[in-house]
Every structure is written in C-alpha cells, then in structure tokens.
Amino acid sequence: GQQLNQSPQSMFIQEGEDVSMNCTSSSIFNTWLWYKQDPGEGPVLLIALYKAGELTSNGRLTAQFGITRKDSFLNISASIPSDVGIYFCAGLVGGGSEKLVFGKGTKLTVNP
Amino acid sequence: EAQVTQNPRYLITVTGKKLTVTCSQNMNHEYMSWYRQDPGLGLRQIYYSMNVEVTDKGDVPEGYKVSRKEKRNFPLILESPSPNQTSLYFCASRRLGTGAYEQYFGPGTRLTVT
Chain V
-18 GQQLNQSPQS MFIQEGEDVS MNCTSSSIFN TWLWYKQDPG EGPVLLIALY
32 KAGELTSNGR LTAQFGITRK DSFLNISASI PSDVGIYFCA GLVGGGSEKL
82 VFGKGTKLTV NP
Chain W
2 EAQVTQNPRY LITVTGKKLT VTCSQNMNHE YMSWYRQDPG LGLRQIYYSM
52 NVEVTDKGDV PEGYKVSRKE KRNFPLILES PSPNQTSLYF CASRRLGTGA
102 YEQYFGPGTR LTVT
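Protein sequences, first through last, are from chains V and W. Here the first sequence stands for residues -18 to 93, numbered as in my numbering. Here the second sequence stands for residues 2 to 115, numbered as in my numbering.
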C-alpha cells in the first residue's frame, strides 16, 4: 500500500530558528495535509494543499505540494516554544477511496 | 462548538473483557474513522465509515469491530481485548467531497490491556 516517508524523525532547535520537514512517497497523492499534535491531544490540521506546485502559508508556516505530487514540505519560521509537538504529513489517496495515509511524524523540540 | 468527543479518555482493562469506546461528532460529517497511534508507527487506520451502515476495514482491523447506526456516532468495539491492543486511539470525522479534507480528531483514548 501507499507509504509516506517523513523526515526528520525529530528535531531539537533554538527559539527563533527556522524549521523544515518533508514527506516523500513513491505514490501519487491528490491532496497533502499537515497536522500538529500537542502532547495529550488529537492532531489539528495546519495546512491543506490541493494542487501540484501549490505553495500555501498560514502565519509562520509555509507548505508546498511537490510538482511530482509525490512529496511535500513544511517550513516553520522564527520558531517559538509553543511550536513544540509532533508534526504529521498526510496524503489523500485518489480514486474515490477517501483514505488519508499518514507519515510517522516529526517531533519538534524548541529550546527557549 | 464543532467537535469530536470520545469516551472514556483513559481505560485500563484485562485481557478478554469486552469494551466499547464511544465516538460522537456534531458536525453532520459523513466520514468517520478510527486510528491507533503507537510509538514509531504513527497513525494507523483501523476502520472507517463513509455513511450510516457503511463501514470498511482500514490497515489494522484485526481484533476490532465498529458500527454506524447513526450518522453522529461511530463506536469502536473490542470483543476480546489483548495486550497488543494497548495503544492511544483517535476517532476522526470530516465531510466528503472536493476540498473537504479538514479532518477533525477527537482528544484520544488511552487504553491499557493487562
């Protein structure tokens, strides 16, 4: 089945630094989603991407849908302590299955 | 407030004792799904439902059952829990259709089977 390779697995950064993470796959996806999970809570949607090549921002977050439709990246600029959490990418499988395939997550730690 | 609720939030049980985790959403969403989250394995889909009385297996359905008798509710049933079902479980829901991929997650249910 479809798999998403998300990297890095974890990151330790200083407050104020920029962060970049990505997801790749050998499969094509019609939609890419980026979620954040705070400790003890469910994932919350950050950004949704619907077209190949699309670049979308949400505050300090920027995400892009790769041209090949097999990859996506998420950037966080000027990180702050509340950015701590696990970030997941998810790809929507086409063909009417409505299935979301999730990456294994990037755990972000921000040191004040 | 639009939300997905799950109960209980925490559950400790013994092997073989049937249990049900409830899930309810107040957004009139067609699609509902159950996931389990385990360290290093990410979110894995257990079962999903595209509408009332329509359910299908996800990637890890063994040992689980679901039902969708009402649009808002999607309970997860473990008929005979085993220790390998110790995990963090999430229910999720969303609309179906183009551009409707904002999937809402519940707060999670942490299950321990001894």
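Ideal placement from N, C-alpha and C gives every residue a C-beta, glycine not left out. No experiment lies behind these values; they were computed from the predicted model shown.
- Per the Cβ contact rule, the segment 22 to 29 of chain V is not in contact with the segment 16 to 34 of chain W (fewer than 3 Cβ pairs under 8 Å).
- In this structure, Y49/W sits away from Y65/W, with a CB-CB distance that is not shorter than 8 Å.
- In the assembly as shown, E(-4)/V is an exposed residue. Its beta-carbon has fewer than 16 other beta-carbons within 10 Å.
- The C-alpha of V74/V lies about 9 Å from the C-alpha of S8/V.
- With contacts defined by Cβ atoms closer than 8 Å, Q4/W and R73/W do not form a contacting pair.
- If only complete runs of 3 or more residues are kept, the segment -4 to 66 of chain V shows the beta strand (DSSP E) at 0 to 5, 12 to 18, 25 to 30, 36 to 39, 42 to 46 and 52 to 57, in order along the chain.
- Under the 10 Å beta carbon count, K80/V is surrounded by 16 or more other beta carbons and is classified as buried.
- When C-alpha distances from N85/W are compared across E63/W, I78/W, L77/W and E103/W, the shortest belongs to E63/W.
- For the segment 18 to 37 of chain V, the residues whose beta carbon sits under 8 Å from a beta carbon of chain W are, in order, G21, E22, G23, P24, V25, L26, A29 and Y31.
- In terms of Cα proximity to D(-1)/V, the closest of D64/V, G84/V, W15/V and D19/V is D64/V.
- When 7 Å is used as the limit between beta carbons, L20/W is near no residue of chain V, the shortest such separation being about 20 Å.
- Among the bridge pairs identified by DSSP, I(-6)/V is matched with V91/V.
- Ranked by how close their Cα comes to the Cα of V22/W, the residues T115/W, Y105/W, F106/W and C92/W have C92/W in first place.
- E71/W is positioned such that its CB atom lies no closer than 8 Å to that of K19/W.
- Sixteen is the threshold: when 16 or more other Cβ atoms of the shown chains lie within 10 Å of the Cβ of I57/V, as they do, the residue is buried.
- For chain V, the residues of the segment 90 to 114 of chain W that bring a beta carbon within less than 7 Å of one of its beta carbons are F91, L97, G100, Y102, E103, Q104, F106, G107, P108 and G109, in chain order.
- For N85/W, there is no enclosing beta strand (DSSP E), as DSSP marks it with neither H nor E.
- At least one CB of chain V lies nearer than 8 Å to the CB of Y32/W.
- The three-state secondary structure of S68/W, taken from DSSP, is coil.
- Taking all protein chains in view, the Cβ of Q104/W is crowded by 16 or more other Cβ atoms within 10 Å, so the residue is classified as buried.
- Rounded to whole angstroms, the Cβ separation of Y31/V and T43/V is 16 Å, and the two are not in contact under 8 Å.
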